[in-house]
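**Q** Here UniProt numbering is used: position 8 in the sequence shown is 8, and no number is missing along the way.
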Amino acid sequence: MRHHDTELYEYLQQFLTAERLQRIDEVLSFRTRHITVVLEDVFQPHNISAVLRSSDAFGVQDVHVIENYNEFETRRKIAAGTDRWLTIHRYQDEVDPRKRCVEHLRARGYRLVGTSPHGRTMSISELPIDEPVALVFGGEKEGVSDELLAACDERVFLPMYGFVESFNISVAAAIALNDLTTRLRQSGIDWGLTSDERDVLRRDWVRASVRHLEAIERRFYEDRQNQARRPPSDSPSGSRRRASDSRSAGKN
1 MRHHDTELYE
11 YLQQFLTAER
21 LQRIDEVLSF
31 RTRHITVVLE
41 DVFQPHNISA
51 VLRSSDAFGV
61 QDVHVIENYN
71 EFETRRKIAA
81 GTDRWLTIHR
91 YQDEVDPRKR
101 CVEHLRARGY
111 RLVGTSPHGR
121 TMSISELPID
131 EPVALVFGGE
141 KEGVSDELLA
151 ACDERVFLPM
161 YGFVESFNIS
171 VAAAIALNDL
181 TTRLRQSGID
191 WGLTSDERDV
201 LRRDWVRASV
211 RHLEAIERRF
221 YEDRQNQARR
231 PPSDSPSGSR
241 RRASDSRSAG
251 KN
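Take a look at the structure:
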């Protein structure tokens, strides 16, 4: 981190209460990347927003959004600003956003797990969590696409005992994340963020917590520029100015 960036980070913290900074550290201690969420072509903004809210509530840091046909959009009231605290990866404007997402997750050691009421293999509660899990949800009407399901390593279902065949996506995500994160925190798995990851997120969250951020940052950089223009106190010009000031004072 550059010197000015470090100074800015320290400067911004003075605009937050001790309680807010403590809350940031507390939330960071529960954050995980061991479980992540993948959304494929979810087109209802209120559903996307609800999934983001659940992800934040259960401590899941990353959400991957595949935009084959539907553009990512949220509803502020439902998301409750949680997109500020999450890392959202968007796959769009590519030949095959779906493939790009799969490659990205596999390169980071994730096992892809598709959620589907059809072709049941195991209940969500039976899914092993010893390896990082990318939980895949599809659009409201079609569900996870056949192409993405084929790329998944496992398929899971959520137990249901009524006439309906599936949950709404936002409900399904909340149920699945509750199950997986509860088991994860009760396990001996090292599921927390690394020290570097916490540091990066803490800086981001401090910035996201400061009101009137742009104005405050602008003032910070203006102050730094003004300081840079001032001659050092031990420079010849500084010495001459002090001598002149002393002479002027002596005349009064």
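A virtual CB, placed ideally from N, CA and C, is assigned to each residue, including glycine. Quick caveat, the model's predicted, so the values are computed rather than measured.
Helix, strand or coil: which one does DSSP assign to E40?
**A** On the sequence shown, position 40 is the one that residue 40 refers to. E40 falls in the strand class under three-state DSSP.
**Q** Is the beta carbon of V102 less than 9 Å from the beta carbon of A151?
**A** Reading the sequence shown from its first residue, position 102 is the one you call residue 102. Reading the sequence shown from its first residue, position 151 is the one you call residue 151. Their beta carbons are under 9 Å apart, which means V102 touches A151 by this criterion.
**Q** Verify whether the separation of the beta carbon atoms of R111 and D146 is less than 9 Å.
**A** Start at 1 with the first residue of the sequence shown, and residue 111 comes out as number 111. Start at 1 with the first residue of the sequence shown, and residue 146 comes out as number 146. Their beta carbons are not under 9 Å apart, which means R111 does not touch D146 by this criterion.
**Q** What residue does the beta strand (DSSP E) around E154 start on, and which one ends it?
**A** Walking along the sequence shown from the start, residue 154 turns up at place 154. E154 -> beta strand (DSSP E) spans 154-157.
**Q** How long is the line joining the alpha carbons of I189 and L135, rounded to whole angstroms?
**A** For this step, residue 189 is matched to residue 189 along the sequence shown. For this step, residue 135 is matched to residue 135 along the sequence shown. Using only the alpha carbons, I get a separation of about 18 Å.
**Q** In the DSSP assignment, find the unbroken alpha helix (DSSP H) run with H104 in it and report its ends.
**A** Start at 1 with the first residue of the sequence shown, and residue 104 comes out as number 104. Counting along the chain, the alpha helix (DSSP H) containing H104 begins and ends at 97-107.
**Q** Indicate the three-state DSSP secondary structure (helix, strand or coil) for L112 in the structure shown.
**A** Stepping through the sequence shown from its first residue, residue 112 is reached at position 112. Here L112 sits in strand by DSSP.
**Q** The ligand ATP and F157: does the residue's C-beta get closer than 8 Å to at least one heavy atom of that ligand?
**A** For the structure depicted, the ligand ATP is absent and the ligand set is empty, with no information on it obtainable.
**Q** Judging by CA-CA distance, which residue of V171, E19, P128, Q186 is the nearest neighbour of G138?
**A** On the sequence shown, residue 138 is found 138 positions in, with the first residue counted as 1. Checking every option, the nearest Cα to that of G138 belongs to V171.
**Q** Between the Cα of I35 and those of R20, F157, E131, S29, spot the shortest distance and give me the residue it belongs to.
**A** On the sequence shown, residue 35 is found 35 positions in, with the first residue counted as 1. Residue E131 is the option with its Cα nearest to I35.
**Q** What would DSSP say about H64, mapped onto helix, strand or coil?
**A** The residue given as residue 64 occupies position 64 in the sequence shown. Correct three-state label for H64: strand.
**Q** Looking at the secondary structure, which residues open and close the beta strand (DSSP E) in which V210 lies?
**A** Numbered from 1 along the sequence shown, position 210 holds the residue referred to as residue 210. Note, V210: premise wrong, no beta strand (DSSP E); not H, not E.
**Q** Near T32, which residues of its chain fall below 8 Å by C-beta distance, leaving aside the five closest residues on each side in sequence?
**A** Your numbering for residue 32 matches position 32 in the sequence shown. Cβ neighbours of T32 beyond the five flanking positions: G59, V60, Q61, T181, L184, W191, G192, L193.
**Q** Whose CA, out of V42, G162, G109, lies closest to the CA of E140?
**A** In the sequence shown, the residue the question calls residue 140 occupies position 140. Nearest C-alpha to E140: V42.
**Q** Any contact between the stretch 199-215 and the stretch 9-26? By contact I mean 3 or more CB pairs, one from each, below 8 Å.
**A** Output reads yes: the stretch 9-26 touches the stretch 199-215.
**Q** Given a threshold of 16 other Cβ atoms within 10 Å of its Cβ, counted over all protein chains shown, does E214 qualify as buried or as exposed?
**A** The sequence position of residue 214 within the sequence shown is 214, counting from 1. With fewer than 16 Cβ atoms within 10 Å of its Cβ, E214 is classed as exposed.
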